[in-house]
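Note that the working numbering has the sequence shown beginning at 1, numbered continuously upward.
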Amino acid sequence: MEREHQESLIRTLQNCVKTCNICFEACLNEEHVEMMADCIRLDRECAEVCSLLGQFVSRGSQFTTELAGLCAKVCEACGNECKKHNHEHCQRCAQICFACAEECHRIAA
Numbered sequence: 001m002e003r004e005h006q007e008s009l010i011r012t013l014q015n016c017v018k019t020c021n022i023c024f025e026a027c028l029n030e031e032h033v034e035m036m037a038d039c040i041r042l043d044r045e046c047a048e049v050c051s052l053l054g055q056f057v058s059r060g061s062q063f064t065t066e067l068a069g070l071c072a073k074v075c076e077a078c079g080n081e082c083k084k085h086n087h088e089h090c091q092r093c094a095q096i097c098f099a100c101a102e103e104c105h106r107i108a109a
């Protein structure tokens, strides 16, 4: 992977981690937090897998391609869950997750 593309992917992954963490925290403060359980769970999983993929990419791991495929699936699942909720933080998270999934699919191909 070219250095410029590698750095761009890492920035995308870091942005997804940050956005998922913001959504996670905001969901915990929603009035009906129990209705946000799946969103909260997927925010955490998405942030964690994106963080791990960023580490794999930065050190040129031989498993980057496989992990990128999983990361794309988790990002899409998180995005699909977040878009169900009308909260601004969820809608923003969905947008970022879908963009990250698109980048991950390119790496996994």
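Where a beta carbon is used, it is the ideal one built from N, C-alpha and C, also for glycine.
Residue i versus residue j - alpha carbon distance
i    : j    : result
C78  : E4   : 27 Å
S51  : V17  : 6 Å
E30  : Q62  : 41 Å
N15  : E66  : 21 Å
V33  : N21  : 16 Å
T12  : A101 : 10 Å
E88  : C75  : 18 Å
A99  : R59  : 23 Å
R41  : E2   : 33 Å
Q6   : E25  : 29 Å
Q91  : Q55  : 27 Å
A68  : N80  : 18 Å
L53  : T64  : 7 Å
A109 : E48  : 22 Å
Cβ-based neighbour list, residue i, same chain, cut-off 6 Å, excluding 5 preceding and 5 following
i    : result
K119 : Given that the chain is displayed from residue 1 to residue 109, the structure contains no residue 119 and the question cannot be resolved.
K73  : none
T19  : C93 and I96
Rounded Cβ spacing between residue i and residue j (contact assumed at less than 8 Å)
i    : j   : result
H105 : C39 : Not a contact, Cβ separation roughly 22 Å.
C23  : D43 : 5 Å
C46  : M36 : That belief does not hold up - the Cβ atoms of C46 and M36 are roughly 14 Å apart, past 8 Å.
Close beta carbons around residue i, own chain, < 7 Å, minus the five adjacent residues each side
i  : result
L9 : V57, E103 and I107
Residue i CB to nearest heavy atom of the ligand COA below 6 Å
i   : result
C97 : As presented, the structure is devoid of all ligands, the ligand COA included, so that no description of it is given.
Please specify which runs of the alpha helix (DSSP H), each continuous and at least 4 residues long, are wholly inside the segment 24 to 58, giving them in chain order. none
List in chain order: all unbroken alpha helix (DSSP H) runs of 4+ residues lying wholly within the segment 75 to 109. 88 to 108
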